[in-house]
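*Asks:* Sharing a structure below in structure tokens format, with a few things to ask.
2 protein chains.
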Amino acid sequence: MPEAVRISLDAMGGDHGPSVVIPGAALALERHPDIRFLMFGNETVLSSLLNAYPKLKEVTELRHTDIAISMDEKPSQAIRMGRGRSSMWRAVQAVRDKEADAAVSAGNTGALMATAKICLKTMAHIERPAIACMWPTLRGESIVLDVGATIGADAGHLVDMAIMGAAMARIVFDLDRPTVGLLNVGTEEIKGIETVKEAARILREANLPHLDYRGFVEGDDLGKGTVDVVVTEGFTGNIALKTAEGTAKQIGEYLRAAMSRTLMAKIGYLFAKQAFDALKDKMDPRKVNGGVFLGLEGVVVKSHGGTDALGFASAIDVAYDMAHFELMNTIRSMLEHDPIDQPA
Amino acid sequence: MPEAVRISLDAMGGDHGPSVVIPGAALALERHPDIRFLMFGNETVLSSLLNAYPKLKEVTELRHTDIAISMDEKPSQAIRMGRGRSSMWRAVQAVRDKEADAAVSAGNTGALMATAKICLKTMAHIERPAIACMWPTLRGESIVLDVGATIGADAGHLVDMAIMGAAMARIVFDLDRPTVGLLNVGTEEIKGIETVKEAARILREANLPHLDYRGFVEGDDLGKGTVDVVVTEGFTGNIALKTAEGTAKQIGEYLRAAMSRTLMAKIGYLFAKQAFDALKDKMDPRKVNGGVFLGLEGVVVKSHGGTDALGFASAIDVAYDMAHFELMNTIRSMLEHDPIDQPA
Numbered sequence: 003m004p005e006a007v008r009i010s011l012d013a014m015g016g017d018h019g020p021s022v023v024i025p026g027a028a029l030a031l032e033r034h035p036d037i038r039f040l041m042f043g044n045e046t047v048l049s050s051l052l053n054a055y056p057k058l059k060e061v062t063e064l065r066h067t068d069i070a071i072s073m074d075e076k077p078s079q080a081i082r083m084g085r086g087r088s089s090m091w092r093a094v095q096a097v098r099d100k101e102a103d104a105a106v107s108a109g110n111t112g113a114l115m116a117t118a119k120i121c122l123k124t125m126a127h128i129e130r131p132a133i134a135c136m137w138p139t140l141r142g143e144s145i146v147l148d149v150g151a152t153i154g155a156d157a158g159h160l161v162d163m164a165i166m167g168a169a170m171a172r173i174v175f176d177l178d179r180p181t182v183g184l185l186n187v188g189t190e191e192i193k194g195i196e197t198v199k200e201a202a203r204i205l206r207e208a209n210l211p212h213l214d215y216r217g218f219v220e221g222d223d224l225g226k227g228t229v230d231v232v233v234t235e236g237f238t239g240n241i242a243l244k245t246a247e248g249t250a251k252q253i254g255e256y257l258r259a260a261m262s263r264t265l266m267a268k269i270g271y272l273f274a275k276q277a278f279d280a281l282k283d284k285m286d287p288r289k290v291n292g293g294v295f296l297g298l299e300g301v302v303v304k305s306h307g308g309t310d311a312l313g314f315a316s317a318i319d320v321a322y323d324m325a326h327f328e329l330m331n332t333i334r335s336m337l338e339h340d341p342i343d344q345p346a
Numbered sequence: 003m004p005e006a007v008r009i010s011l012d013a014m015g016g017d018h019g020p021s022v023v024i025p026g027a028a029l030a031l032e033r034h035p036d037i038r039f040l041m042f043g044n045e046t047v048l049s050s051l052l053n054a055y056p057k058l059k060e061v062t063e064l065r066h067t068d069i070a071i072s073m074d075e076k077p078s079q080a081i082r083m084g085r086g087r088s089s090m091w092r093a094v095q096a097v098r099d100k101e102a103d104a105a106v107s108a109g110n111t112g113a114l115m116a117t118a119k120i121c122l123k124t125m126a127h128i129e130r131p132a133i134a135c136m137w138p139t140l141r142g143e144s145i146v147l148d149v150g151a152t153i154g155a156d157a158g159h160l161v162d163m164a165i166m167g168a169a170m171a172r173i174v175f176d177l178d179r180p181t182v183g184l185l186n187v188g189t190e191e192i193k194g195i196e197t198v199k200e201a202a203r204i205l206r207e208a209n210l211p212h213l214d215y216r217g218f219v220e221g222d223d224l225g226k227g228t229v230d231v232v233v234t235e236g237f238t239g240n241i242a243l244k245t246a247e248g249t250a251k252q253i254g255e256y257l258r259a260a261m262s263r264t265l266m267a268k269i270g271y272l273f274a275k276q277a278f279d280a281l282k283d284k285m286d287p288r289k290v291n292g293g294v295f296l297g298l299e300g301v302v303v304k305s306h307g308g309t310d311a312l313g314f315a316s317a318i319d320v321a322y323d324m325a326h327f328e329l330m331n332t333i334r335s336m337l338e339h340d341p342i343d344q345p346a
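Just so you know, the protein sequences line up as chains A and B, in that order.
Last residue of the first sequence: number 346 in our numbering, and the count goes up by one each step with no gaps.
Last residue of the second sequence: number 346 in our numbering, and the count goes up by one each step with no gaps.
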């Protein structure tokens with residue numbers, strides 16, 4: 003029998019806390035029966051909710067914590083209050099202590115990143131961890147990073163991200179040499195900001211064995227799936243991600259309005275209902291939920307704070323894949339070729 | 003009889019040159035019979051094409067130019083080759099010489115901006131011109147700037163853009179005090195990069211009479227239409243714009259595929275065809291074509307290079323509105339309240 007994948011959960015994180023985390027975990031368990039959960043949170047609340055999921059209860063170990071980090075807590079405050087004690091900290095600590103292979107939290111991003119940095123530490127040669135997400139494209143999926151952690155990332159950070167993103171693509175897409183592009187405002191070499199041009203120069207000259215650098219890509223290449231990995235600084239990446247999510251929602255609204263405006267449209271909708279359902283399913287943001295923290299000494303996955311059980315289950319799926327396919331080792335071995343000479 | 007609005011056209015610009023510019027101008031003339039055109043380009047080509055549009059021919063003055071700036075010309079090269087001689091330069095020069103109220107070109111953005119800066123000069127107190135575009139939203143439309151000219155804009159530039167964007171919103175949306183937001187990665191005051199936080203502080207404290215500063219907005223606020231004017235630095239703005247365009251195209255593809263997959267879906271499509279057509283029309287990027295250069299001593303509108311006649315006509319519409327409603331005077335009077343003390 004293969005070894006179980008052990009996942010620690012911040013059961014109090016997110017807008018809805020345990021009422022989403024527990025049914026989400028139950029869903030993920032159906033898909034991956036070899037998961038074992040370590041849940042941190044209010045024991046009374048959690049154990050009563052767990053009674054409704056006997057299978058989940060069987061594979062879950064509960065650990066009580068008194069402190070839950072709220073969604074608007076500042077990172078510094080989250081650390082002060084939560085160090086060693088909050089459900090968020092303890093879920094991450096379980097990874098550090100090798101009790102879990104990956105941690106999942108729907109708690110606030112800043113607090114979770116600060117907690118993960120302090121508790122797990124960054125990997126050797128990595129200065130700033132990044133957050134990578136799966137981006138649905140016309141070709142399937144791409145990995146996009148960073149979507150919010152590395153505000154003001156410089157050329158060296160971008161190169162590190164390219165390597166870490168390629169490591170993730172290697173295991174997620176099962177590719178030996180994933181294609182990587184740098185997000186820019188044009189594809190010509192002279193275009194864009196200095197940091198991006200400098201990162202491009204380094205990647206081009208390094209000609210890495212496990213990363214096929216393809217040059218600059220633009221905003222519309224994200225949806226096309228032009229490359230397997232798109233690398234950008236955190237401010238721009240976060241805005242691109244939210245702009246895409248917003249546009250998808252906007253078009254969904256237009257579509258709904260159009261299909262209910264006339265009787266003919268309503269009849270058409272009924273005939274095509276299956277097709278619409280498939281489309282809705284394809285565009286469902288809950289299915290691509292789960293930002294992977296890259297560059298830390300351990301796997302941490304951030305779920306959207308406002309998601310439901312289905313969304314939280316997707317984040318657990320991501321954590322499962324990262325642990326199962328040994329993200330950490332892949333990154334470590336790819337970082338050996340890092341062309342950036344950075345102090346540890 | 004009211005005075006005509008005089009528009010100069012770079013008839014050689016864009017991927018398709020006169021074969022798009024001339025039918026585009028004819029379309030715009032139908033909507034605005036008071037336009038008079040001044041067209042720059044190869045006279046032989048233009049006059050033979052114009053024969054098919056007698057009404058347009060009647061209101062158009064042709065001026066021959068030998069040089070057309072290609073789509074991949076570097077800005078410096080475009081200036082060297084084109085100064086005083088290219089169709090692009092001459093169209094902009096017509097605005098400088100008060101022969102035209104606005105210029106429209108589908109030529110390459112970098113070359114057009116360089117030409118406009120040198121030929122028209124920037125307005126007093128404006129260091130860097132910006133490109134503003136109309137962004138379709140769930141509430142109607144917003145103005146978003148900058149979408150590519152001010153790479154690395156600082157706090158002062160962002161404040162200038164807020165004022166110029168508000169001036170444009172004032173005339174386009176007929177609002178006395180348009181709402182303005184700064185694009186950021188979160189809405190809390192502590193979030194984001196320093197330049198954005200500094201611009202926020204200046205705008206908040208200035209409390210300008212004709213600009214209602216509403217704080218930070220995020221990527222998904224663009225599609226919601228949370229504010230009338232969204233201000234951001236050119237790198238991020240360009241990526242946001244292209245990401246939104248790419249996402250819209252991607253979902254369009256999904257929809258097309260879904261509606262042709264099964265017989266039931268095809269039948270449904272036929273019933274709902276009118277609704278689909280309305281949706282397609284709503285999402286048509288050609289209808290919001292036309293980036294307005296703000297901060298120059300004259301109105302210049304950039305059309306997408308790859309657009310067709312319908313798209314080019316939209317860019318002319320934008321130029322018409324800007325000239326007709328006196329964009330320049332509105333900006334000038336709003337800049338009198340500029341809280342930034344910048345050397346002219």
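We put the CB at the ideal spot given by N, CA and C, even for glycine.
(1) By the 10 Å Cβ neighbour count, where 16 or more other Cβ atoms means buried, how is residue 291 of chain A classified, buried or exposed?
(2) Leaving out the 5 sequence neighbours to the left and right, which residues in its chain are closer than 6 Å to residue 160 of chain B when beta-carbon positions are compared?
(3) Please tell me whether residue 269 of chain B has its Cβ less than 9 Å away from any Cβ of chain A.
(4) Any beta carbon from chain A within less than 9 Å of residue 253 of chain B's own beta carbon?
(5) Exposed or buried, what is residue 228 of chain B when buried is set at 16 or more other beta-carbons lying within 10 Å of its beta-carbon?
(6) Could you tell me if residue 230 of chain A is buried or exposed, where buried requires 16 or more neighbouring beta carbons within 10 angstroms of its beta carbon?
(7) Just verifying my parser: in three-state terms, what is the DSSP assignment at residue 66 of chain A?
(8) Using a Cβ-Cβ cutoff of 8 Å, what residues of the region 203-222 of chain B are near chain A? List them in chain order.
(9) Who are the Cβ neighbours of residue 226 of chain B in its own chain at under 8 Å, not counting the five residues just before and after it?
(10) So with CB distances below 8 Å, who are the chain A contacts of residue 245 of chain B?
(11) Roughly how many angstroms lie between the CA atoms of residue 275 of chain B and residue 268 of chain A, to the nearest whole one?
(12) Any idea what DSSP makes of residue 218 of chain A, helix, strand or coil?
(13) Roughly how many angstroms lie between the CA atoms of residue 99 of chain B and residue 277 of chain A, to the nearest whole one?
(14) Give the straight-line distance between the Cα atoms of residue 94 of chain B and residue 22 of chain A, rounded to the nearest whole angstrom.
(15) Which residues in the same chain as residue 284 of chain A place their Cβ atom closer than 8 Å to its Cβ, once the five residues preceding and following it in sequence are excluded?
(16) Give the DSSP-derived three-state secondary structure of residue 12 of chain B in the structure shown.
(17) Decide if residue 308 of chain A is buried, meaning its Cβ has at least 16 other Cβ atoms within 10 Å, or exposed.
(18) Jot down the residue ranges of each uninterrupted beta strand (DSSP E) in the region 50-124 of chain A, minimum 3 residues, whole runs only, in chain order.
(19) Could you name the residues of the same chain whose beta carbon sits closer than 6 Å to that of residue 196 of chain A, not counting the 5 residues immediately before and after it, in chain order?
(20) What does the Cβ neighbour count give for residue 339 of chain A, buried or exposed, with the cut at 16 atoms within 10 Å?
(21) At a cut of 8 Å, does the region 186-195 of chain B reach the region 208-216 of chain A through at least three beta carbon pairs?
(22) 9 Å is my cut-off, CB to CB: does residue 20 of chain A come that close to chain E?
(23) Going by other Cβ atoms of all chains shown within 10 Å of its Cβ, with 16 needed for buried, is residue 86 of chain A buried or exposed?
(24) When the Cα atoms are used, what is the spatial distance from residue 176 of chain B to residue 144 of chain B?
(25) Find the residues of chain A that neighbour residue 13 of chain B, judging by a C-beta separation of less than 9 Å, and give them in chain order.
(26) With a floor of 4 residues, list each alpha helix (DSSP H) that falls wholly inside the region 204-273 of chain B, ordered by position along the chain.
(27) Any idea if residue 75 of chain B is buried or exposed, counting beta-carbon neighbours within 10 angstroms, 16 or more meaning buried?
(28) As a quick exercise: from B:237, B:26, B:287 and B:88, pick the residue whose alpha carbon is nearest that of residue 198 of chain A.
(29) Ignore the nearest five residues each way along the sequence and tell me which others in residue 1 of chain B's own chain have a CB closer than 6 Å to its CB.
(30) Any beta carbon from chain A within less than 9 Å of residue 278 of chain B's own beta carbon?
(31) Between residue 288 of chain B and residue 313 of chain B, which are expected to be in contact by the criterion C-beta below 8 Å, what is the C-beta distance as a whole number of angstroms?
(32) Using the Cβ count rule (16 or more neighbours within 10 Å means buried), how would you classify residue 33 of chain A?
(33) Which ranges would you report for the beta strand (DSSP E) in the region 284-340 of chain B if only whole runs of at least 3 residues count?
(34) Which value, in whole angstroms, describes the spacing of the CA atoms of residue 263 of chain B and residue 165 of chain B?
(35) Name, going along the chain, the residues of the region 64-89 of chain B whose beta-carbon falls closer than 8 Å to a beta-carbon of chain A.
(36) To which residues of the same chain is residue 8 of chain B closer than 6 Å at the C-beta, ignoring the five residues directly before and after it?
*Replies:* According to the structure data:
(1) Counting from one through the first sequence, the residue named residue 291 of chain A turns up at place 289. Result: buried.
(2) Here residue 160 of chain B refers to the residue found at position 158 when the second sequence is read from its first residue. Only 201 and 233 meet the Cβ criterion.
(3) Within the second sequence, residue 269 of chain B is the residue found at index 267, counting from 1. Yes, residue 269 of chain B lies at the interface with chain A (some Cβ there is under 9 Å from its Cβ).
(4) Locating residue 253 of chain B in the second sequence gives position 251, where the first residue counts as 1. Yes, contact with chain A.
(5) Here the question's residue 228 of chain B lines up with position 226 in the second sequence. It is buried - the Cβ of residue 228 of chain B has at least 16 other Cβ atoms within 10 Å.
(6) Start at 1 with the first residue of the first sequence, and residue 230 of chain A comes out as number 228. Residue 230 of chain A is buried by the Cβ-count criterion.
(7) Numbered from 1 along the first sequence, position 64 holds the residue referred to as residue 66 of chain A. Three-state DSSP puts residue 66 of chain A in a strand.
(8) 220, 221 and 222
(9) The count along the second sequence starts at 1 and reaches residue 226 of chain B at position 224. Same-chain partners within the cutoff: 139, 140 and 141.
(10) Within the second sequence, residue 245 of chain B is the residue found at index 243, counting from 1. Within chain A, the residues near residue 245 of chain B are 221, 222, 224, 225, 242, 245, 246 and 249.
(11) Along the second sequence, one-based indexing puts residue 275 of chain B at 273. Along the first sequence, one-based indexing puts residue 268 of chain A at 266. Each residue's Cα considered, the two are about 11 Å apart.
(12) Locating residue 218 of chain A in the first sequence gives position 216, counting from the first residue. Residue 218 of chain A falls in the strand class under three-state DSSP.
(13) For the purposes of this step, residue 99 of chain B is taken as residue 97 along the second sequence, with counting starting at 1. For the purposes of this step, residue 277 of chain A is taken as residue 275 along the first sequence, with counting starting at 1. Looking at the two C-alpha atoms, the distance is approximately 57 Å.
(14) Taking the second sequence and counting its residues from 1, the one referred to as residue 94 of chain B is at position 92. Taking the first sequence and counting its residues from 1, the one referred to as residue 22 of chain A is at position 20. Their backbone Cα atoms lie some 59 Å apart in a straight line.
(15) Taking the first sequence and counting its residues from 1, one reaches residue 284 of chain A at position 282. Counting only Cβ-Cβ distances below 8 Å, and skipping sequence neighbours, we find 138.
(16) Locating residue 12 of chain B in the second sequence gives position 10, where the first residue counts as 1. Looking at residue 12 of chain B - three-state DSSP - the assignment turns out to be strand.
(17) Taking the first sequence and counting its residues from 1, the one referred to as residue 308 of chain A is at position 306. With fewer than 16 other Cβ atoms within 10 Å, it is exposed.
(18) 62-66 and 104-107
(19) Taking the first sequence and counting its residues from 1, one reaches residue 196 of chain A at position 194. Counting only Cβ-Cβ distances below 6 Å, and skipping sequence neighbours, we find nothing.
(20) Position 337 of the first sequence, counted from the start, is the residue given in the question as residue 339 of chain A. Exposed, by the Cβ-count rule.
(21) no
(22) Among the chains of the structure shown, chain E does not appear; the protein chains present are A and B.
(23) In the first sequence, the residue the question calls residue 86 of chain A occupies position 84. Looking at its Cβ environment, which holds fewer than 16 other Cβ atoms inside 10 Å, residue 86 of chain A is exposed.
(24) Taking the second sequence and counting its residues from 1, the one referred to as residue 176 of chain B is at position 174. Taking the second sequence and counting its residues from 1, the one referred to as residue 144 of chain B is at position 142. Answer to the nearest angstrom: the Cα atoms are 13 Å apart.
(25) The residue labelled residue 13 of chain B in the question sits at position 11 within the second sequence. Result: empty, since nearest Cβ-Cβ is about 25 Å, beyond 9 Å.
(26) 221-226, 236-261 and 265-273
(27) Stepping through the second sequence from its first residue, residue 75 of chain B is reached at position 73. Per the 10 Å Cβ criterion, buried.
(28) Translated into positions along the first sequence, residue 198 of chain A becomes position 196. Of the candidates B:237, B:26, B:287 and B:88, the one whose C-alpha sits nearest the C-alpha of residue 198 of chain A is B:237.
(29) With chain B covering 3 to 346 only, the question about residue 1 of chain B has no answer from this structure.
(30) Against the second sequence, residue 278 of chain B aligns to sequence position 276. So yes, residue 278 of chain B belongs to the interface.
(31) Taking the first residue of the second sequence as position 1, residue 288 of chain B is located at position 286. Taking the first residue of the second sequence as position 1, residue 313 of chain B is located at position 311. Going by Cβ atoms, the distance from residue 288 of chain B to residue 313 of chain B rounds to 4 Å, so yes, they are a contact pair.
(32) Locating residue 33 of chain A in the first sequence gives position 31, where the first residue counts as 1. Exposed, by the Cβ-count rule.
(33) 293-296 and 301-304
(34) Position 261 of the second sequence, counting from 1, holds the residue named residue 263 of chain B. Position 163 of the second sequence, counting from 1, holds the residue named residue 165 of chain B. When rounded, the distance between both Cα atoms is 49 Å.
(35) 74 and 76
(36) By 1-based counting over the second sequence, the position of residue 8 of chain B is 6. These residues qualify, in order along the chain: 38, 102 and 103.
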